[in-house]
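Colleague: Got a structure for you, questions after.
In the UniProt record's numbering, the protein residues as written are 1 to 339.
In structure tokens:
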């Protein structure tokens, strides 16, 4: 059993075998609750280790921040038959719920296809690790939650349009897929298929939106063509602006993921990059030029980041790392100011 108590006992035994149980400054692991219990127990068992020096995996923290941001735009769940939205096509709730029908089924099929595609290859299709993730809206009052939901609806609708189009196109091998390829050929654009994201991997949402932005001309022509019967998935000029805003924020998180996936990244880089992410989320949450939905999601994502940021304050490992790399820190602060 992988309980925190058992993990601590097994880890302490290994340290004893190697003769280093009195030389442990820090332990790095993700934010799973059993790891927190393990760290608490090891503080009692190891004289050299203090709980505040638990170094949390930054990639996992970054993933939780991204999940908080992206999950605000999850499609609404199907309502009970007696509680359906109105039938007025001009009602935004009606349109959103109509487009959101079967999105969960389509996502499951997309995910299964991805797993099958990667089977037997060196690529691993791992879902995002959500251990330690907390719903930042849980503490809101009912009135506050209603305001948040109202602000988020336009982006939920936008994403529902893109997801439905991506799924319908790739699964219409005799009509829509050939029409999409013909559209790209006429525009002299590279032949690529619109990727469909999956909820369990936030960066797939970023990749999907970046693709749509890059292929904006093709997307607009394809959905505007009456022969394709895809007018429901057309994006307005305001929605295109929101796509850009989504990509700008998610790019910072994607860049951080790629940076800390390299072999050369180290602990001294964590706090400066957390500062960059924090500054971007703070600026976005307060920028009146951005969509209210983007501002809301950025503010909630900032709460997730701050929860883990505050845990570095008393850590000796971070203080040691930062004192060794002050020059690097100031370089990153400069980059944060120009990004």
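No residue lacks a Cβ here, since even glycine has one placed at the ideal position from N, Cα and C.
#1: If you follow the alpha helix (DSSP H) that residue 283 is in, where does it begin and where does it stop?
#2: With distances taken between CB atoms, is the gap from residue 157 to residue 96 smaller than 8 Å?
#3: According to DSSP, is residue 193 helix, strand or coil?
#4: Would you identify the three-state DSSP class for residue 28, choosing helix, strand or coil?
#5: Pull the bridge partners of residue 110 from the DSSP assignment, please.
#6: Look at the alpha carbon of residue 100 and the alpha carbon of residue 242, and state the distance between them as a whole number of angstroms.
#7: Going by C-alpha to C-alpha distance, which of 182, 244, 315 sits closest to residue 208?
#8: Among 311, 201, 174, which residue has its Cα nearest to the Cα of residue 52?
#9: Under 8 Å, do residue 298 and residue 281 count as touching if we go by C-beta distance?
#10: Classify residue 82: buried if its beta carbon has 16 or more other beta carbons within 10 angstroms, exposed otherwise.
#11: For residue 319, which residues of its own chain have a beta-carbon under 8 Å away from its beta-carbon, when the five flanking residues on both sides are left out?
#12: Inspect the CB distances between the region 262-276 and the region 222-236 and report whether three or more fall short of 8 Å.
#13: Counting only runs of 4+ residues fully inside the region 184-270, write out the alpha helix (DSSP H) ranges in chain order.
#14: Please work out which residues of its chain come closer than 6 Å, Cβ to Cβ, to residue 37, disregarding the five sequence neighbours upstream and downstream, and give them in chain order.
#15: Determine whether the beta carbon atoms of residue 165 and residue 194 lie at a separation below 8 Å.
#16: Looking only at its own chain, which residues have a Cβ that is under 7 Å from the Cβ of residue 290, when we skip the five neighbours before and after it?
#17: Among 167, 93, 61, which one has its Cα closest to the Cα of residue 274?
#18: Quick one: using the 10 Å Cβ neighbour count with 16 as the cut-off for buried, is residue 11 buried or exposed?
#19: Using the C-alpha atoms, what's the distance from residue 136 back to residue 278?
#20: Spell out the partners DSSP gives residue 54 in its beta bridges.
#21: Does the Cβ-Cβ distance between residue 216 and residue 180 come in under 8 Å?
#22: Hey, could you find the ends of the alpha helix (DSSP H) residue 311 is sitting in?
#23: Can you round the beta-carbon distance between residue 30 and residue 131 to whole angstroms, since I take them to be within the 8 Å contact cut?
#24: For the pair the region 44-51 and the region 65-77, tell me if three or more CB-CB distances fall below 8 Å.
#25: Taking the alpha-carbon of residue 272 as reference, which of 210, 314, 58, 16 has the nearest alpha-carbon?
#26: So, at 6 Å on beta carbons, what are the nonlocal neighbours of residue 186 in its own chain, with the 5 sequence-adjacent residues on each side left out?
#27: So, helix, strand or coil for residue 21, using DSSP?
#28: Count the other CB atoms within 10 Å of the CB of residue 67; is the residue buried (16 or more) or exposed (fewer)?
#29: Mind checking whether residue 20 and residue 39 have CB atoms under 8 Å apart?
#30: If we count the other Cβ atoms within 10 Å of its Cβ and call it buried at 16 or more, is residue 212 buried or exposed?
#31: Quick one: what does DSSP say residue 132 is sitting in, helix, strand or coil?
#32: So the candidates are 24, 293, 226, 111; which of them puts its Cα closest to the Cα of residue 145?
#33: Using 8 Å for Cβ pairs, my map puts residue 111 next to residue 198. What's the rounded Cβ distance?
Modeller: According to the structure data:
#1: 270-286
#2: yes
#3: If DSSP states are grouped into helix, strand and coil, residue 193 belongs with coil.
#4: It is a strand residue.
#5: Per DSSP, none; premise fails for residue 110.
#6: 19 Å
#7: Residue 208 has its Cα closest to that of 244, out of 182, 244, 315.
#8: 311
#9: yes
#10: Because the pLDDT at residue 82 is just 47, under 50, the model does not fix this residue reliably, and the point stays unresolved.
#11: none
#12: no
#13: 202-214, 216-224, 237-260
#14: Excluding sequence neighbours, residue 37 sits near 4.
#15: Remark: C-beta atoms of residue 165 and residue 194 approach each other more closely than 8 Å.
#16: Excluding positions up to five away in sequence, the list reads 245, 284.
#17: 61
#18: buried
#19: Going from the Cα of residue 278 to the Cα of residue 136 covers about 16 Å.
#20: Partner residues in the beta bridge of residue 54, as assigned by DSSP, are 27.
#21: no
#22: No alpha helix (DSSP H) contains residue 311, which DSSP labels as neither H nor E.
#23: 6 Å
#24: no
#25: 58
#26: none
#27: coil
#28: buried
#29: no
#30: Buried is the call here.
#31: Secondary structure at residue 132: coil, using DSSP grouped into helix, strand and coil.
#32: 293
#33: Contact holds; Cβ gap of about 5 Å.
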